[in-house]
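Going down the list, the protein sequences come from chains G and R.
Numbering of the first sequence is given in the working numbering, commencing with residue 1 and proceeding in unit increments.
Numbering of the second sequence is given in the working numbering, commencing with residue 1 and proceeding in unit increments.
We treat Cβ as the ideally placed atom computed from N, Cα and C, and that holds for glycine.
Following: one structure in structure tokens, then a few remarks.
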Amino acid sequence: QKEVEQNSGPLSVPEGAIASLNCTYSDRVSQSFFWYRQYSGKSPELIMSIYSNGDKEDGRFTAQLNKASQYVSLLIRDSQPSDSATYLCAVNIIGGSNYKLTFGKGTLLTVNP
Amino acid sequence: DTEVTQTPKHLVMGMTNKKSLKCEQHMGHRAMYWYKQKAKKPPELMFVYSYEKLSINESVPSRFSPECPNSSLLNLHLHALQPEDSALYLCASSPSGDGYEQYFGPGTRLTVT
Chain G
1 QKEVEQNSGP LSVPEGAIAS LNCTYSDRVS QSFFWYRQYS GKSPELIMSI YSNGDKEDGR
61 FTAQLNKASQ YVSLLIRDSQ PSDSATYLCA VNIIGGSNYK LTFGKGTLLT VNP
Chain R
1 DTEVTQTPKH LVMGMTNKKS LKCEQHMGHR AMYWYKQKAK KPPELMFVYS YEKLSINESV
61 PSRFSPECPN SSLLNLHLHA LQPEDSALYL CASSPSGDGY EQYFGPGTRL TVT
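What follows is the structure, given as structure tokens:
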């Protein structure tokens with residue numbers, strides 16, 4: 001069973017702090033990795049995609065990928081109360097000739113004013 | 001524009017009813033997906049259409065029947081559902097089925113009575 005594991009939450013940080021969300025995956029051949037944000041009662045929203053080792057920055061968000069360690073993370077700088085949501089790590093895993101997006105269980109982030 | 005639309009937003013149906021969920025995208029994407037999401041759980045893949053052909057069926061019960069009339073539209077026909085089928089049904093699309101990012105619609109909240 002190919003899996004995606006996220007650090008168990010909930011995670012609580014003060015406003016203005018850095019929130020760090022972590023994810024590991026079991027399938028060594030995975031090539032594409034995503035972070036989705038999901039507010040309560042809403043659908044997942046893609047916030048970051050990363051395909052190569054290293055860091056990728058987009059505004060206050062930085063995704064980090066280390067394929068050798070099978071590890072992907074998301075850093076949120078200057079956290080805001082509006083960042084409070086569940087963050088889903090997703091990995092494209094090949095099954096036969098098809099790609100399937102496999103999600104971790106999610107980490108609930110609360111940013112306290 | 002990364003918009004995927006879904007109708008209806010909410011649906012309540014009895015166990016003997018037949019209803020359909022609809023999904024539409026105008027991004028020129030060639031892969032479309034149906035997911036089911038229960039409360040506090042990650043999305044679970046149900047079906048994948050790639051270039052208008054069904055490429056993945058995750059052993060979904062036959063009371064769920066997908067249809068892809070053209071590259072922009074995706075339907076999910078529902079018949080004789082059970083109360084445990086109550087969930088948020090999410091449609092997503094991606095440029096192709098080759099591991100690219102997926103964009104989710106707002107979902108249909110389904111309640112089976």
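Original post:
Are the Cβ atoms of P61/R and N75/R separated by less than 8 Å?
Top reply: It is not a contact, given that the beta carbons lie outside the stated cut-off.
Original post:
Can you round the beta-carbon distance between Y51/G and S32/G to whole angstroms, since I take them to be within the 8 Å contact cut?
Top reply: Confirmed, about 5 Å.
Subject >> Sequence-distant residues of the same chain with beta carbon closer than 6 Å to V12/R, five excluded per side >> reply: Once the five neighbours on either side are set aside, the close Cβ partners of V12/R are T111.
Original post:
Do the segment 79–88 of chain G and the segment 34–48 of chain G touch if we need at least three Cβ pairs shorter than 8 Å?
Top reply: The answer is yes - the segment 34–48 of chain G touches the segment 79–88 of chain G, with three or more Cβ pairs under 8 Å.
Original post:
Over what stretch of residues does the beta strand (DSSP E) that includes G59/G continue unbroken?
Top reply: Counting along the chain, G59/G falls outside any beta strand (DSSP E), and DSSP gives it neither H nor E.
Subject >> Residues that P44/G contacts on chain R, provided the C-beta gap is smaller than 7 Å >> reply: Here the neighbours are P43 and F104.
Original post:
Which runs of the alpha helix (DSSP H), 4 residues or longer, sit entirely within the segment 30–112 of chain G?
Top reply: Whole alpha helix (DSSP H) segments, 4+ residues: zero.
Original post:
the segment 55–83 of chain R: which residues have C-beta closer than 9 Å to a C-beta of chain G, in chain order?
Top reply: For the segment 55–83 of chain R, which is checked against every Cβ of chain G, the residues closer than 9 Å are S55, I56 and E58.
**OP:** Count the other C-beta atoms from every protein chain shown that fall within 10 angstroms of the C-beta of V48/R, then say buried if there are 16 or more, exposed otherwise.
**Re:** A buried status is given to V48/R, since no fewer than 16 other beta-carbon atoms sit within 10 Å of its beta-carbon.
Subject >> Sufficient close CB pairs (3 or more, under 8 Å) joining the segment 2–21 of chain R to the segment 48–66 of chain G >> reply: In the pairwise beta carbon analysis, the segment 2–21 of chain R is classified as not touching the segment 48–66 of chain G: fewer than three pairs are separated by under 8 Å.
**OP:** Taking only beta carbons into account, state which residues of the segment 76–107 of chain G come closer than 7 Å to chain R, listed in chain order.
**Re:** Going along the segment 76–107 of chain G in chain order, one finds L88, N92, N98, Y99, K100, L101, F103, G104, K105 and G106 with a Cβ nearer than 7 Å to chain R.
Original post:
Taking Cβ-Cβ distances below 7 Å as the criterion, which residues of the segment 58–69 of chain G are in contact with chain R?
Top reply: Those residues of the segment 58–69 of chain G placed with their C-beta closer than 7 Å to a C-beta in chain R do not exist.
Original post:
Can you tell me whether S93/R is buried or exposed, with buried defined as 16 or more other CB within 10 angstroms of its CB?
Top reply: Within 10 angstroms of the beta-carbon of S93/R lie 16 or more other beta-carbons, which makes it buried.
Original post:
So what does DSSP say about E84/R, is it helix, strand or coil?
Top reply: In the structure shown, E84/R sits in a helix (DSSP, three-state: H, G or I).
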